[in-house]
């Protein structure tokens, strides 16, 4: 056993030179294993990209910034021309960098750090730390086609005018839609309300979203009583719409009622003209092919107005009476026979002598005149 013990102790018994050689070999193997991370063809700048983060962490921990380290390791970047790799190389979030490039492709130009702060997702604290790395054009690049240029700036959709919307990239049709909506009393209370505008694409909204600045009206603190009074005063008084006059109305009036289209309105008016006028609301229900459900909807919305009885009872013929929906052959014959036998029908008392049933008499008397 002693022989084996001496053997193993001899294996791990190194001279000082041997120990240094082993340590050097260990570091060479470690560097070789990580060599591809820094010097591959696909990412030749990878080693360069790793520098900002540890430097930033060191600065945060020390509370100081060694400008000399940044100055000789990093090149100034113009956000109006830099590509994705250049923007991310200084620590910009890749998603934020893509949004910046997308704005730029639409014609946006950045004049200073304040413009960069408006980019959606921009880390303002980070921007202040690396702000000295950004440089800006004094003159916009005129080579970009004017048709694709539009500006980006803060705006309130409740107050922005058509000229400003045009600069932001809104098309003429969408601008008119927004203006019409506002003119009718419409209001945008949150950013997402802009998505409800007909014709405004979601992609365009995503570009504008960081710049939408809706200012809600300020409400001064008041007592509960005063607040209630203000709320009551602020509610617009709805003026009650006058009811439709059934005998003086035209097609355009009828189509404003629920369930009434041009065809139905025409049928009602034709039936009214044959009668000479409606003497009761219930008569409307007798209009040919008028659904009872529609009549129940419109009945509370209409009112009776006077009309001139169309039938001169002492001159009318049987043929003329038969054209009226409320007169049948039996009724028309009795009227003419009574008149031929007794002379003119002077008043309602004479008319009652004709021999009509009480129900029929109640209806037809509304349409006759004795003069």
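In our numbering, the protein residues as written are 363 to 733. We put the CB at the ideal spot given by N, CA and C, even for glycine.
What is the DSSP secondary structure of residue 645, reduced to helix, strand or coil? By 1-based counting over the chain shown, the position of residue 645 is 283. When secondary structure is reduced to three states using DSSP, residue 645 falls in the helix class.
Taking one C-beta from the segment 694-702 and one from the segment 629-643 each time, how about it: are there three or more such pairs within less than 8 angstroms? no
First through last residue of the alpha helix (DSSP H) which encompasses residue 656: Numbered from its first residue, the chain shown carries residue 656 at position 294. Residues 654-660.
If you draw a straight line from the alpha carbon of residue 514 to that of residue 572, how long is it in whole angstroms? On the chain shown, position 152 is the one that residue 514 refers to. On the chain shown, position 210 is the one that residue 572 refers to. Each residue's alpha carbon lies about 10 angstroms from the other.
Below 8 angstroms CB to CB, which residues in the same chain sit around residue 616 once its five sequence neighbours on both sides are set aside? Indexing the chain shown from 1 puts residue 616 at position 254. Excluding residues within five positions, the ones whose Cβ falls inside 8 angstroms are 606, 622, 626, 627, 630, 631.
Let me check understanding here. Comparing Cα to Cα, which of 566, 612, 643 lies closest to residue 467? Translated into positions along the chain shown, residue 467 becomes position 105. Answer by Cα proximity: 566.
So residue 442 and residue 483 are in contact, right, with Cβ under 8 angstroms, and what is the actual spacing, rounded? Reading the chain shown from its first residue, position 80 is the one you call residue 442. Reading the chain shown from its first residue, position 121 is the one you call residue 483. Their Cβ separation, rounded to whole angstroms, is 19 angstroms, which puts residue 442 and residue 483 out of contact at 8 angstroms.
Three-state secondary structure (DSSP) at residue 471? Here residue 471 corresponds to residue number 109 of the chain shown, with the count starting at 1. Note: residue 471 maps to coil in three-state DSSP.
Expressed to the nearest angstrom, what Euclidean distance is found between the alpha-carbon atoms of residue 460 and residue 552? Residue 460 sits at position 98 when you count from the first residue of the chain shown. Residue 552 sits at position 190 when you count from the first residue of the chain shown. Near 25 angstroms, if we compare the C-alpha coordinates of residue 552 and residue 460.
Quick test of your reading: residue 675 and residue 731, contact by CB under 8 angstroms. State the CB separation rounded to the nearest angstrom. Translated into positions along the chain shown, residue 675 becomes position 313. Translated into positions along the chain shown, residue 731 becomes position 369. Approximately 7 angstroms separates the beta-carbon atoms of residue 675 and residue 731; this is inside 8 angstroms, confirming the contact.
Count the other CB atoms, across all protein chains shown, that sit within 10 Å of the CB of residue 388; report buried if there are 16 or more and exposed otherwise. Mapped onto the chain shown, residue 388 falls at position 26. With fewer than 16 Cβ atoms within 10 Å of its Cβ, residue 388 is classed as exposed.
For a test of the three-state rule: what should DSSP assign to residue 439, helix, strand or coil? Against the chain shown, residue 439 aligns to sequence position 77. Reduced to three states, the DSSP call for residue 439 is strand.
Residue from 707, 476, 520, 568 with nearest C-alpha to residue 546: Taking the chain shown and counting its residues from 1, one reaches residue 546 at position 184. The shortest Cα separation from residue 546 among 707, 476, 520, 568 belongs to 520.
Run through DSSP, which three-state label would residue 492 get? Locating residue 492 in the chain shown gives position 130, counting from the first residue. Looking at residue 492 - three-state DSSP - the assignment turns out to be helix.
Classify residue 610 as buried or exposed, calling it buried when 16 or more other Cβ atoms lie within 10 Å of its own Cβ. In the chain shown, counting from the first residue as 1, residue 610 sits at position 248. Residue 610 is exposed by the Cβ-count criterion.
On the CB-based measure, 16 or more other CB atoms within 10 Å of its CB, does residue 470 come out buried or exposed? Within the chain shown, residue 470 is the residue found at index 108, counting from 1. Buried, by the Cβ-count rule.
Hey, quick one: how far does the alpha helix (DSSP H) through residue 675 stretch, first residue to last? The count along the chain shown starts at 1 and reaches residue 675 at position 313. No alpha helix (DSSP H) contains residue 675, which DSSP labels as neither H nor E.
Which of the three DSSP states is assigned to residue 731 in this structure? As a position in the chain shown, residue 731 is number 369, starting the count at 1. The answer is strand: DSSP assigns residue 731 an E or B state.
Which of helix, strand or coil DSSP assigns to residue 389: Locating residue 389 in the chain shown gives position 27, where the first residue counts as 1. Helix.
Under the DSSP definition of a beta bridge, which residues are partnered with residue 606? Here residue 606 refers to the residue found at position 244 when the chain shown is read from its first residue. Bridge partners of residue 606: 664.
Looking at residue 667 and residue 608, is the spacing between their C-beta atoms short of 8 angstroms? For the purposes of this step, residue 608 is identified with residue 246 of the chain shown, where counting begins at 1. For the purposes of this step, residue 667 is identified with residue 305 of the chain shown, where counting begins at 1. Cβ atoms of residue 608 and residue 667: closer than 8 angstroms.
If you run the structure through DSSP and keep just helix, strand and coil, what is residue 517? Taking the chain shown and counting its residues from 1, the one referred to as residue 517 is at position 155. Three-state DSSP puts residue 517 in a strand.
How many whole angstroms separate the CB atoms of residue 439 and residue 458, which I take to be in contact at a CB cut-off of 8 angstroms? The residue given as residue 439 occupies position 77 in the chain shown. The residue given as residue 458 occupies position 96 in the chain shown. In fact, because the Cβ distance is near 14 angstroms, the residues do not count as touching under 8 angstroms.
Report the option in 488, 496, 380, 464 whose CA atom is closest to the CA atom of residue 512. Position 150 of the chain shown, counted from the start, is the residue given in the question as residue 512. Comparing Cα positions, the closest option is 464.
Closer than 6 angstroms by C-beta to residue 527: which residues in its own chain qualify, once you throw out the five before and the five after it? Chain order, please. Counting from 1 along the chain shown, the entry for residue 527 is found at position 165. 537, listed in sequence order.
Less than 8 angstroms separating the beta-carbons of residue 686 and residue 673? Residue 686 sits at position 324 when you count from the first residue of the chain shown. Residue 673 sits at position 311 when you count from the first residue of the chain shown. Result yes, Cβ atoms of residue 686 and residue 673 sit closer than 8 angstroms.
Cβ-based neighbour list, residue 652, same chain, cut-off 8 angstroms, excluding 5 preceding and 5 following: Looking up residue 652 in the chain shown gives position 290. The residues are 626, 629, 630, 646.
Would you please verify whether the beta carbon of residue 722 is less than 8 angstroms from any beta carbon of chain C? Looking at the structure shown, chain C is missing, and only one protein chain is on hand.
I need the DSSP call for residue 725, collapsed to helix, strand or coil. Position 363 of the chain shown, counted from the start, is the residue given in the question as residue 725. Note: residue 725 maps to helix in three-state DSSP.
Let me know if residue 394 comes out buried or exposed under the rule of 16 or more other beta-carbons within 10 Å of its beta-carbon. Within the chain shown, residue 394 is the residue found at index 32, counting from 1. Per the 10 Å Cβ criterion, exposed.
According to DSSP, is residue 574 helix, strand or coil? As a position in the chain shown, residue 574 is number 212, starting the count at 1. Residue 574 falls in the strand class under three-state DSSP.
Residue 489 to residue 534 span [Cα, whole Å]: Within the chain shown, residue 489 is the residue found at index 127, counting from 1. Within the chain shown, residue 534 is the residue found at index 172, counting from 1. Rounded to whole angstroms, residue 489 to residue 534 spans 36 angstroms at the Cα level.
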